[in-house]
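Residue 355 in my numbering is what sits at position 344 of the sequence shown, and the numbering runs on without skipping anything. C-beta: ideal position from N, C-alpha, C; glycine also. Model, not experiment: these values are computed from the prediction. Report on the structure given below.
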Amino acid sequence: MTGAPRPVRPDTRPDGSAEAPRLRARRRPGRVGEVHVLQLFILEAVVLGILASGLIGTAVLIGTAVLGALVLTVTFLRSQGRWWLERQVMARRHRRRQSAGAPVATDPRLGVLHRLAPSLSAENVAMSDGSVIGVARDDAGWFAVAAVVPPESGAGPAPGLPLDLLAAALTEAGQQGAVLQVVTSTVPPNGAETGPTTLAKESYRRLLAGLDAPVVPSERTTWIAVRLNTRSLAEALSDYAVDLSLAPSVVAALARRVGKSLRRVGVVHQLLDAEALVAALAQSCGFTPETPAGAEQVREEWSAWQYGALAHRCFWIRQWPAVDRIGPLLGWLDTIPMSMVTVSLTLTANGADEDFDLRGLVRLTGPAQTLPQLSGAVADGVGKAGGEFFPLDGEHGPAVYASAPTGGGAG
């Protein structure tokens, strides 16, 4: 769905002083910059075809050149930040998701979640010490979730988690291809109760106040998810014909190893069982018992995913600000006066001597009527901080699932 940034050395100003380091986009597989390798093959084929046609005759050369120009126009046409052909593929997938029916579920929470991941299921894995760890499965693999324990009552919401601690925990787990995700969902002060007009005005007020004037959110929930996909599991067991029935046990053991690493660096957490895992996913996706059940309550539009009266609009952090501004930026996002703000940071281990892949997603949840206005204010604020939000239009269903504590989703 997106590329992944990596840390780089500090840039240098013309006067020789060092700027704060930035995270820059890592090249996506199969791409050279923004261009897909298939586009380059098409370009090469068109050029060779035109050159070859020149050996046949002028008329053939002209016809081939016109046809080649049409092919290249379609191949390299841009539309709203994406290639036109890419948008057509997205539109077809979007229509397929809209027309697909969700499996019948007796649990209303699973009824909502199955609209995002129809194959989602969860089970408990018994550990040797008698405890149980919930492991969920979807089309891409398996994942387990831990809830970060907030401070004692009255001490305020749970703090955010430094990326260096997460990277250290992922390294100590020793599993190439493992994914570690931290998801923070916040309800800003009076965010859920304030009217739409007031929310929009407050968002602009905080935008003008800047990143250095944060407001402590009234509620913050943090989850840590560990994911292992099918290929990574086979590599872990050195067997591509691996018995998939072993997968939940492998992921549960991986989650426990990551949990021990987090505990050593002072992150107090609780590994969730299957029931609590489903509850965490539902909570992150905006499920409330008060919202009437029924398929008509959940729908994916091109510009948002809607559940009940609230809409969810997702963004990829396409460009990160300077490293010293990332913390204030994420803190500022936590206080945007929405019904809920969700920030997902996903780290993937590539190998012992390689950088981690980092992907950032932000999901804004608010009244459907005013969400575009509020989203615009947030995007402006991110731009002022030196970052860039890219709206995941046409992919908001998968993006909602990816920004929930699922280890980055199923794709």
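Residue 238, DSSP secondary structure in three states: In the structure shown, residue 238 sits in a strand (DSSP, three-state: E or B).
Taking residue 157 and residue 293 to be in contact with their CB atoms under 8 Å, please state how far apart those CB atoms are, rounded to whole angstroms. Not confirmed; about 17 Å, so no contact.
Coarse secondary structure for residue 85, derived from DSSP in three states: The answer is helix: DSSP assigns residue 85 an H, G or I state.
One question on the structure: do residue 291 and residue 416 come within less than 7 Å of each other, judged by their Cβ atoms? yes
If you follow the alpha helix (DSSP H) that residue 146 is part of, which residue opens it and which one closes it? Counting along the chain, residue 146 falls outside any alpha helix (DSSP H), though it belongs to the beta strand (DSSP E) covering 143-148.
Counting only runs that start and end within the region 321-345, where is the alpha helix (DSSP H) found for 4 or more residues in a row? 334-344
Let's test the definition: count the other Cβ atoms within 10 Å of the Cβ of residue 313 and tell me whether it reaches 16, buried, or not, exposed. exposed
Taking 7 Å as the threshold (C-beta atoms), are residue 419 and residue 353 in contact? no
Alpha carbon to alpha carbon, how far is residue 100 from residue 269? 37 Å
Taking the Cβ atom as the reference point for each residue, do residue 132 and residue 150 lie within a distance shorter than 7 Å? no
Does the beta-carbon distance from residue 288 to residue 147 come in below 7 Å? yes
Taking the CB atoms as reference points, tell me whether residue 324 and residue 372 lie closer together than 7 Å. no
Mind reading off the beta-carbon distance from residue 153 to residue 239? Whole number of angstroms is fine, and I expect it under 8 Å. Right, their Cβ atoms sit about 6 Å apart.
Label residue 392 either buried or exposed according to how many other C-beta atoms from any shown protein chain fall within 10 Å of its C-beta, with 16 as the threshold for buried. buried
Alpha carbon to alpha carbon, how far is residue 233 from residue 280? Give it in angstroms, no decimals. 9 Å
For residue 104, three-class secondary structure by DSSP: helix
Does the distance from the CB of residue 235 to the CB of residue 261 come in under 7 Å? no
is_contact[residue 54, chain E] using C-beta, thresh 7 Å: Checking the listed chains, one finds no chain E in this structure; it contains a single protein chain.
What do you reckon, are the CB atoms on residue 159 and residue 263 nearer than 7 Å? Not closer than 7 Å, so no.
If you draw a straight line from the alpha carbon of residue 275 to that of residue 181, how long is it in whole angstroms? 13 Å
Residue 291 lies in the beta strand (DSSP E); which residues open and close that run? Element bounds for residue 291: not the beta strand (DSSP E) but the alpha helix (DSSP H), 285-295.
State the beta-bridge partners of residue 358 as determined by DSSP. 191 and 369
Give me whichever residues DSSP pairs with residue 374 in a beta bridge. 325 and 353
Look at the alpha carbon of residue 411 and the alpha carbon of residue 296, and state the distance between them as a whole number of angstroms. If you draw a straight line from the Cα of residue 411 to the Cα of residue 296, it comes to about 7 Å.
Could you give the C-beta distance for residue 183 and residue 90, rounded to a whole number, given that I count them as a contact under 8 Å? Contact flag wrong, Cβ pair sits at about 44 Å.
Could you give the DSSP three-state label for residue 158: helix, strand or coil? Looking at residue 158 - three-state DSSP - the assignment turns out to be strand.
For residue 189 and residue 161, I'd like the C-alpha separation in whole angstroms. Roughly 26 Å separates the two Cα atoms.
Please identify the residue among 88, 63, 86 and 87 whose C-alpha is closest to the C-alpha of residue 76. The candidate whose alpha carbon is nearest that of residue 76 is 63.
Candidates 176, 102 and 299: which alpha carbon is nearest residue 119's? 299
Alpha carbon to alpha carbon, how far is residue 405 from residue 67? 45 Å
Reference residue 97, options 142, 348, 52 and 46, closest by Cα: It is 46.
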